[in-house]
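Undergrad: In my numbering, the protein residues as written are 9 to 108.
Note that beta-carbon positions come from the ideal geometry of N, C-alpha and C, so glycine has one too.
None of these values were measured; they are calculated from a predicted model.
Quick one: the structure is below, and I'll ask about it shortly.
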Amino acid sequence: MKTILIKEPQFYCYQDEKHFFDWLEGLKALKGMKRTPKGLALTVDFPIDDDSLADLIALLTRYRLDRATLKVFLNESNQKWFETSRAYWYRAVFKSDRTP
Numbered sequence: 009m010k011t012i013l014i015k016e017p018q019f020y021c022y023q024d025e026k027h028f029f030d031w032l033e034g035l036k037a038l039k040g041m042k043r044t045p046k047g048l049a050l051t052v053d054f055p056i057d058d059d060s061l062a063d064l065i066a067l068l069t070r071y072r073l074d075r076a077t078l079k080v081f082l083n084e085s086n087q088k089w090f091e092t093s094r095a096y097w098y099r100a101v102f103k104s105d106r107t108p
């Protein structure tokens, strides 16, 4: 398992917050979540399954959160699709100046 820290997004209404957490809690790989002063600490299966990683990419994209933290999930089994330079998330995950 790995724990990543993501910033909690700004929510614009109750339903917005509910949809975010429903989506997050629906991830098969998510094993735990804790609110901290620095953001949400997500405990995730490692290696992560492809569907959960794809959903996590989409969720962080939708809520405009830093995707560079997802770089830790790169492994031999997902490298072909996850690290492809043509993917919409590639620059945000792999070319960020920020350290995950």
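1) Would you check if the distance between the CB atom of L73 and the CB atom of K36 is smaller than 8 Å?
2) Do E91 and F81 have their C-beta atoms within less than 8 Å of each other?
3) If you draw a straight line from the C-alpha of N83 to the C-alpha of P55, how long is it?
4) Kindly indicate which three-state DSSP category K103 falls into: helix, strand or coil?
5) Which of the three DSSP states, helix, strand or coil, is assigned to I14?
TA: This is what the structure gives:
1) no
2) no
3) 7 Å
4) coil
5) strand
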